[in-house]
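Encoded as structure tokens, the structure appears first; notes follow it.
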Amino acid sequence: MPTLALTNFNIVVSVLGGWVSLFGLVSYLIKENFYLSEALISLLAGVVVSPSAANLVRPLEYAGSEENLSAITLYFSRLVLGVQLVLAGVQLPSRYLKKQWKPLSVLLGPIMVAMWIATSLLVWALVPNISFLHALVVGSCVTPTDPVLSNVIVKGKFADHNVPRDLQRMIIAESGANDGLGYPFLFFALYLIKYTGGVGEEGGAGMAMGLWFGETWGYTIILSVIYGAVVGWVAKELLHWAEERKFVDRESFLVFAISLALFIVGTCGMIGSDDVLACFIAGNVFTWDDWFRLETIDDSLQPTIDMLLNVSIFMWYGAVCPWHSFLDNGVIPIYRLIALGILVLLFRRLPWVFAVHKFIPQIQEVRQAIFVGFFGPVGVSAVFYLYITLEFLDSLKVDGKQREDVENLDEVVRVVVWFLAICSIIVHGLSIPLGKLGFYLPRTLSGRVSGAASTDRDAAAPPFRLGSRATTFVTDRLRSRRNSTDETPPGGAAGAGPSPINPVYRIGGTVIPANPTAISTGLSSGRDSGQLDSITAVAVTVGSPPAPAGRTIRFPDEEAHGGILVDEEDKQ
Numbered sequence: 042m043p044t045l046a047l048t049n050f051n052i053v054v055s056v057l058g059g060w061v062s063l064f065g066l067v068s069y070l071i072k073e074n075f076y077l078s079e080a081l082i083s084l085l086a087g088v089v090v091s092p093s094a095a096n097l098v099r100p101l102e103y104a105g106s107e108e109n110l111s112a113i114t115l116y117f118s119r120l121v122l123g124v125q126l127v128l129a130g131v132q133l134p135s136r137y138l139k140k141q142w143k144p145l146s147v148l149l150g151p152i153m154v155a156m157w158i159a160t161s162l163l164v165w166a167l168v169p170n171i172s173f174l175h176a177l178v179v180g181s182c183v184t185p186t187d188p189v190l191s192n193v194i195v196k197g198k199f200a201d202h203n204v205p206r207d208l209q210r211m212i213i214a215e216s217g218a219n220d221g222l223g224y225p226f227l228f229f230a231l232y233l234i235k236y237t238g239g240v241g242e243e244g245g246a247g248m249a250m251g252l253w254f255g256e257t258w259g260y261t262i263i264l265s266v267i268y269g270a271v272v273g274w275v276a277k278e279l280l281h282w283a284e285e286r287k288f289v290d291r292e293s294f295l296v297f298a299i300s301l302a303l304f305i306v307g308t309c310g311m312i313g314s315d316d317v318l319a320c321f322i323a324g325n326v327f328t329w330d331d332w333f334r335l336e337t338i339d340d341s342l343q344p345t346i347d348m349l350l351n352v353s354i355f356m357w358y359g360a361v362c363p364w365h366s367f368l369d370n371g372v373i374p375i376y377r378l379i380a381l382g383i384l385v386l387l388f389r390r391l392p393w394v395f396a397v398h399k400f401i402p403q404i405q406e407v408r409q410a411i412f413v414g415f416f417g418p419v420g421v422s423a424v425f426y427l428y429i430t431l432e433f434l435d436s437l438k439v440d441g442k443q444r445e446d447v448e449n450l451d452e453v454v455r456v457v458v459w460f461l462a463i464c465s466i467i468v469h470g471l472s473i474p475l476g477k478l479g480f481y482l483p484r485t486l487s488g489r490v491s492g493a494a495s496t497d498r499d500a501a502a503p504p505f506r507l508g509s510r511a512t513t514f515v516t517d518r519l520r521s522r523r524n525s526t527d528e529t530p531p532g533g534a535a536g537a538g539p540s541p542i543n544p545v546y547r548i549g550g551t552v553i554p555a556n557p558t559a560i561s562t563g564l565s566s567g568r569d570s571g572q573l574d575s576i577t578a579v580a581v582t583v584g585s586p587p588a589p590a591g592r593t594i595r596f597p598d599e600e601a602h603g604g605i606l607v608d609e610e611d612k613q
């Protein structure tokens, strides 16, 4: 007799697969029409299936304990960051870090320090009974910008139309590099707490600073940069060698960057170095000669893996986030928490980027400075550093019990960092659609009001139909000239049928003919003969590039963007 097998595995796989499938059915509509990120939508989906709502996914029950759940979330975040940062490094042009080291040093130096101090001051001011040293720990967790959430402003239709290519690349490079550089800020405070706290261990501040320079900067940061560069270079040369000898097939070639990320995350984790920074450096060195980037620029495997990881991690965050602790905790009331979230979004990054934007050539206008300053999201990297912090605090024990001076710090970090991450995901996820709505809504209402007064005048005008061929003044004149010419063609038989006029198409904001030479010749000759005195209107059709051989489906994003474009800088 058939029996139901409602096991945890079956439920989780069903929920994840069902959500990815449902999201995929409307993904273009959500991302390109409504400008909503998959991170925000997946986070909300995770909340719906979490123990706080439908109780379909029960992470704590699966993990068995709070410690195991923290470890799973930490490792999952590491995996996603590692893959994301290798792909971010691969996206950058040849020798990008070397060419753009000056603006990057501004963003990774004074800007990160200012973000850290500003956030820590806000935490110190609004969280009751917390020392500034403890506030520095919280501030360091949310200092790095998140590469996953940054994708909403560097990919897709909004980025193509509103964000210059150079600025997109700078945002990618900054979000990739500063994720790994969060370690010095975090362990500066943690080592001081360990050795100079209320019952600090022997050694004092001197021991703390020695470990900070030697272990954090030397072993964690510098070693990871060297390791990532070496692994990326060796991988590039090996792939070149295998491809030249036709040893590697197309599938293995495309997935090579993903496997490289997994290798670096695992090996750096074993030696205890900064796997996040190593992945970003390896990705950029791997495409140092631009060969792999240009070979895979029109491939969809990497974006597909990227999307699956994004959807999965934010669904997991929605399920494991301690939602109840925002209201019920012993460290900060909800009204202070909300005020902290608002102030951090406003003053964590925006004033400092605006102050130094003239030293960053990619930021050419004031509005671009405001845009870059505001979009410094807090997300996966913040959760990653949160659990690094909790792991470190768990080691500060005396006689098997946590030290008194840090017994509340783990709750402060957990509540505040999770709340700031959720605020950033929601606010930055809704900023672009709300901004677009605020821009178009008044114009739509104004157009409807003014349109009522001009209905009669518009009725007499020739129709304009986007996507269908329409008769125009220009095509009428050219058709009449072509017909009159074809009636008595030189050297041809009289009475030959008139040849059809070449249609005019619109691609983007440019009006071009299907046969530019013929139309331009016709226009110039008509203008010289006085037949075309003025051009009052041109109604055109949108032409989409032909589908690749063997394909019968062209997706909306391919039609909108016309495929992958390679600019002149990409070719160099």
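In our numbering, the protein residues as written are 42 to 613. Glycine included, each C-beta is placed from N, C-alpha and C at the ideal position.
Our contact map puts residue i next to residue j with C-beta atoms below 8 Å; I'd like the distance itself, whole angstroms only.
| i | j | result |
| --- | --- | --- |
| Ala319 | Tyr260 | Rounded, the Cβ-Cβ distance is 12 Å, inconsistent with contact. |
| Leu126 | Gly217 | 5 Å |
| Ala462 | Val424 | 6 Å |
| Pro363 | Arg455 | 7 Å |
| Met311 | Glu79 | About 32 Å separates the two Cβ atoms, so there is no contact after all. |
| Tyr103 | Asn49 | 6 Å |
| Ile373 | Pro43 | Not really, about 52 Å apart at Cβ, beyond 8 Å. |
| Pro205 | Thr257 | Their Cβ separation, rounded to whole angstroms, is 36 Å, which puts Pro205 and Thr257 out of contact at 8 Å. |
Just to confirm the assignment, what range does the alpha helix (DSSP H) spanning residue i have?
| i | result |
| --- | --- |
| Ile194 | Pro188 to Val195 |
| Gln132 | Glu107 to Gln132 |
| Lys143 | Trp142 to Leu149 |
| Ala230 | Gly223 to Thr237 |
| Trp258 | Neither: Trp258 is in no alpha helix (DSSP H) and is coded neither H nor E. |
| Asp32 | Because the chain in this structure spans residues 42 to 613, residue 32 falls outside the shown range and cannot be described. |
| Gly269 | Leu264 to Glu285 |
| Gln409 | Val407 to Phe415 |
| Asn325 | Asp316 to Phe327 |
| Gly180 | Phe173 to Cys182 |
| Glu336 | Trp332 to Glu336 |
| Tyr376 | Ile375 to Phe388 |
Excluding sequence positions up to five away, which residues of its chain have a Cβ less than 7 Å from the Cβ of residue i?
| i | result |
| --- | --- |
| Thr160 | Gly180, Val183, Thr184, Val385 and Arg389 |
| Val88 | Ala94 and Gly359 |
| Val361 | Pro100, Leu110 and Thr114 |
| Leu378 | Phe367 and Phe460 |
| Asp574 | Confidence at Asp574 is low in this model, with a pLDDT of 41, below 50, so the placement of that residue is unreliable and no value is reported for it. |
| Tyr376 | none |
| Pro92 | Arg99 |
| Val56 | Val90, Leu97 and Val98 |
| Ala617 | It is not possible to answer for residue 617, since the shown part of the chain is limited to 42 through 613. |
| Thr186 | Glu215, Ser216, Asn219, Gly417 and Pro418 |
| Thr526 | The pLDDT assigned to Thr526 is 47, lower than 50, so where the model puts this residue is not dependable; a value taken from the coordinates is nonetheless given after this. Excluding positions up to five away in sequence, the list is empty. |
| Asp77 | Looking at the sequence provided, one finds Leu at residue 77 rather than Asp. Hits under 7 Å: Ile71, Gly470 and Pro474. |
Among the options, whose alpha-carbon lies nearest the alpha-carbon of residue i?
| i | options | result |
| --- | --- | --- |
| Cys464 | Phe433, Asn74 and Phe367 | Phe367 |
| Tyr426 | Ile305, Ile52, Ile466 and Asn219 | Asn219 |
| Lys140 | Val421, Pro402 and Glu432 | Pro402 |
| Trp157 | Pro169, Val439, Leu391 and Asn74 | Leu391 |
| Ile354 | Val53, Glu73, Gly58 and Leu84 | Leu84 |
| Val272 | Gly476, Asn449, Gly359 and Phe321 | Phe321 |
| Gly40 | Asp331, Asn370, Thr430 and Lys442 | The question about residue 40 has no answer here: the residues shown for the chain are numbered 42 through 613. |
| Ile190 | Val453, Glu242, Ser422 and Asp290 | Note on identity: in this sequence residue 190 is Leu, with Ile being the wrong assignment. Here the closest residue by C-alpha is Ser422. |
| Ile54 | Trp357, Tyr376 and Gln443 | The question names Ile, but residue 54 in the sequence shown is Val. When each option's Cα is compared against that of Val54, the closest is Trp357. |
| Leu128 | Ser341, Gly255 and Phe460 | Ser341 |
| Val164 | Gly479, Ile346 and Phe460 | Phe460 |
| Glu452 | Leu475, Tyr428 and Trp258 | Tyr428 |
| Ala270 | Trp253, Trp329, Leu145 and Lys442 | Trp329 |
| Glu432 | Tyr116, Gly476 and Gly65 | Tyr116 |
| Asn192 | Leu122, Asp369 and Trp282 | Leu122 |
| Leu148 | Asn351, Arg291, Gly105 and Ile404 | Ile404 |
Ordered along the chain, which non-local residues of its own chain (more than five positions away) have a Cβ less than 6 Å from that of residue i?
| i | result |
| --- | --- |
| Ser314 | Thr261, Leu264 and Ser265 |
| Val447 | Leu434 and Leu437 |
| Cys309 | Asp316 and Ala319 |
| Ala86 | Trp60 and Met356 |
| Val457 | Val179 |
Should residue i be listed as close to the ligand ADP, given that the test is whether its C-beta is under 7 Å from any heavy atom?
| i | result |
| --- | --- |
| Leu368 | Among the ligands in the structure shown, none appear at all, so the ligand ADP cannot be discussed. |
Within a Cβ cutoff of 8 Å, which residues of the same chain sit near residue i, ignoring the five residues on either side of it in sequence?
| i | result |
| --- | --- |
| Trp393 | Pro151, Ile152, Ala155, Met156, Ala159 and Gly414 |
| Ser249 | According to the sequence as given, residue 249 is Ala; it is not Ser. Counting only Cβ-Cβ distances below 8 Å, and skipping sequence neighbours, we find Tyr232, Leu233, Lys235, Tyr236 and Thr237. |
>> Is it the case that the segment 333-343 contacts the segment 286-296, given that we only count it when at least three CB pairs across the two stretches are under 8 Å?
In response: yes
> Is it true that the segment 408-421 meets the segment 194-212, where meeting means three or more beta-carbon pairs spaced less than 8 Å apart?
Replying inline: yes
>> Within 8 Å, do at least three Cβ pairs link the segment 101-119 to the segment 165-181?
In response: no
>> Does the contact criterion of 3 or more C-beta pairs under 8 Å hold for the segment 312-330 versus the segment 130-140?
In response: yes
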